[in-house]
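So the structure is just underneath, and the comments pick up after that.
Number of protein chains: 2
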Amino acid sequence: MKYLKIPAATITRLSIYSRALEGMVEDGTPVVSSKTLADLCGVNPAQIRKDLAYFGQFGVRGVGYFVKELLFDIKKILGLNKEWNLAIVGMGNLGCALLAHQNFSKQGYRFVAAFDNDMMKVGRKLATGLVIHPIDELTKVCRDTGAEIGVICTPPDKAQDIASRFLEVPVKALLNFAPVQIQVPDGFKVENVDFTVKLDNLAYHLTAG
Amino acid sequence: MKYLKIPAATITRLSIYSRALEGMVEDGTPVVSSKTLADLCGVNPAQIRKDLAYFGQFGVRGVGYFVKELLFDIKKILGLNKEWNLAIVGMGNLGCALLAHQNFSKQGYRFVAAFDNDMMKVGRKLATGLVIHPIDELTKVCRDTGAEIGVICTPPDKAQDIASRFLEVPVKALLNFAPVQIQVPDGFKVENVDFTVKLDNLAYHLTAG
DNA sequence: ACATGCATGTGCCTGATATCACAACCAGTT
DNA sequence: AACTGGTTGTGATATCAGGCACATGCATGT
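Same order as they appear, the protein sequences are chains A and B. The first sequence: position 50 = 137 (the numbering used here), numbered continuously. The second sequence: position 18 = 105 (the numbering used here), numbered continuously.
So this is what it looks like as structure tokens:
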């Protein structure tokens with residue numbers, strides 16, 4: 088089944104399912120049906136079964152899915168059975184907040200390098216023990232620390248330059264918080280997080296919807 | 088044309104177009120073709136023309152679009168020809184970073200209220216002049232300040248409760264940073280911002296893609 | 001005033017994505 | 001051992017979104 092094209096939306100939903108399943112593991116729920124999980128995630132039950140069907144068979148007919156097993160399987164599909172090393176650029180308010188954010192480490196994401204071009208900040212030691220490096224050292228430090236995913240928290244006009252530096256390492260996956268579209272060659276992947284785009288959606292909804 | 092169902096993806100793209108157009112206004116570019124704008128935004132030129140066609144005709148054949156006019160029109164479509172009042176709950180690292188973030192005010196979003204249930208934080212005056220209120224006062228303060236959009240930066244287990252309080256005000260649009268799915272009745276809208284979902288996508292890409 | 005070049009606006013087609021509905025199948029009960 | 005209730009897995013169907021390609025129409029130059 089792995090030979091089919093998997094829709095990007097499916098991957099996103101798998102991630103959402105795993106959040107819900109984590110909650111169930113904490114609650115001690117042993118088994119869940121696609122119906123129950125669907126209600127929690129706000130999707131159609133058939134959608135869940137279809138999404139899972141891309142990767143195999145995980146349920147028991149007449150019963151449902153064993154929560155712990157399904158969570159394990161989904162995490163394995165997503166590649167979360169290992170820790171991922173993150174490098175972050177731009178130690179402003181947002182960058183620092185992300186570093187301190189607990190959800191990352193909880194999910195197996197670990198910051199291994201931090202950068203800023205403000206010489207006032209360079210050399211400062213952060214609460215996590217990380218030292219802020221100047222951006223010139225990005226390529227070297229990323230290689231030394233084994234960074235796999237780059238996080239961009241710079242102003243928009245710097246974002247493309249930073250991205251290009253990451254490409255040289257090469258760091259093949261980028262999480263971009265700057266409100267610009269970043270150009271990368273094939274094989275690389277950028278995910279954008281743009282709060283104001285989300286807010287604009289809400290504003291539209293309030294205005295026209 | 089306004090009677091058609093507008094795809095949510097179209098609204099999201101309009102928002103992205105407006106970012107690119109803002110850059111062009113700064114650069115002094117007077118006119119842009121769908122091709123040029125498409126390259127900047129990473130979409131197909133026909134896509135842009137289709138998206139705009141939902142709302143009318145904005146271009147000049149043989150010429151393109153006048154940047155300032157198009158930006159104005161798109162902002163009007165999105166409902167950004169007014170300021171929007173935001174209320175934020177959860178003054179942790181992330182919440183504080185969002186308050187201080189410049190992109191919001193630049194786009195006409197203004198924080199008018201802040202809340203936290205930590206009594207150590209309540210009463211503290213923030214750099215913006217806002218005072219942190221206890222969550223019990225959410226309904227009252229939101230009404231007094233005219234909050235229109237709620238921003239949730241609490242831990243996941245508190246998110247649904249906060250959302251319910253917002254619904255009572257009523258604040259009809261929520262921006263949710265907690266990694267849970269929030270249930271709201273018809274007429275209300277939730278937009279989720281979940282970093283780890285995005286990271287999971289990257290992890291999958293690095294693992295399987 | 002006419003011809004030419006060029007970019008828009010849009011009908012149509014294609015492909016992808018979500019939903020429905022049913023057969024396959026398991027567990028517990030009679 | 002057969003039956004029943006319930007849930008999965010999946011083929012078929014419907015819906016939606018994206019891309020092509022051409023006619024439309026404006027601007028410039030002759």
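By construction, the Cβ of each residue, glycine as well, lies at the ideal position given by its N, Cα and C atoms. No experiment lies behind these values; they were computed from the predicted model shown.
For B:S102, the closest Cβ of chain A is nearer than 7 Å.
Within the model, the alpha-carbon separation for A:G210 versus B:K137 is close to 50 Å. Spatial neighbours of A:L139 in its own chain (CB-CB distance under 7 Å, excluding positions within 5 residues in sequence) are listed in chain order as F145.
B:R136 sits in a helix when the DSSP states are folded into three classes. A:A265 is positioned such that its CB atom lies no closer than 7 Å to that of A:A250.
By the beta-carbon neighbour count (other beta carbons within 10 angstroms, threshold 16), A:A184 is buried. One thing to note: A:G151 has its Cβ within 7 Å of the Cβ of A:S120. Distance from the Cα of B:P257 is smallest, within the candidate group B:H220, B:F275, B:N263 and B:V130, for B:F275.
B:A107 counts as buried, since at least 16 other C-beta atoms from the protein chains shown sit within 10 angstroms of its C-beta.
In the DSSP assignment, B:V118 is bridged to B:F153. The Cβ atoms of A:Q268 and B:C128 sit closer than 7 Å to each other. B:I219 is bridged by DSSP to B:A201. In this structure, A:A260 lies near A:I236, with their beta-carbon atoms less than 7 Å apart. Interface flag for B:P272 against chain A is unset, since no Cβ pair is found closer than 7 Å. With a threshold of 16 other beta carbon atoms within 10 Å, A:M111 meets it and is buried.
The beta carbon of B:R197 does not come within 7 Å of any beta carbon belonging to chain A, so the residue lies off that interface.
In the structure shown, A:G182 falls within a helical segment according to DSSP collapsed to helix, strand and coil. For A:G233, the three-state secondary structure derived from DSSP is coil. Close partners of A:L289 in chain B (Cβ separation under 7 Å): I236, A260, L262, K276 and E278.
Excluding sequence positions up to five before and after B:E170, its CB lies within less than 8 Å of the CB of G195, Y196 and R197, all in the same chain and listed in chain order. By the CB criterion at 7 Å, B:Y291 and A:G216 fall outside the cutoff. Sequence-distant partners of B:L101 (beyond 5 residues in either direction) whose C-beta falls short of 7 Å from its own C-beta, in its chain, are D138, I161, I164 and L165. In this structure, the CA atom of B:K92 is about 14 Å from the CA atom of B:G143. Annotation: A:G177 has no Cβ neighbours in chain B at a cutoff of 7 Å; minimum Cβ distance is about 12 Å.
Counting only Cβ-Cβ distances below 7 Å, A:G129 has contacts in chain B at Q268, in chain order. A direct Cα-to-Cα measurement between B:V118 and B:I103 gives close to 17 Å.
In the DSSP assignment, A:L213 falls outside any beta strand (DSSP E), carrying neither H nor E. Chain-ordered, the chain B residues with CB closer than 7 Å to the CB of A:H292 read A260 and K276. In this structure, DSSP gives A:E224 a helical state, which the three-state scheme calls helix. Between B:F282 and A:N190 a beta carbon distance of about 7 Å is seen, short of the 8 Å cut, so the two are scored as contacting.
With a threshold of 16 other beta carbon atoms within 10 Å, A:S192 falls short and is exposed. Using a Cβ distance threshold of 7 Å, A:V218 and A:K227 do not count as a contacting pair. Note that the C-beta distance between B:L289 and B:R252 is not below 7 Å. Residue burial annotation: B:K122 is exposed, with fewer than 16 other C-beta atoms found within 10 angstroms of its C-beta. Against chain B, the CB of A:T226 has no partner CB under 7 Å away; the residue lies outside that interface.
In the DSSP assignment, A:N288 falls within the unbroken alpha helix (DSSP H) covering F282 to T294.
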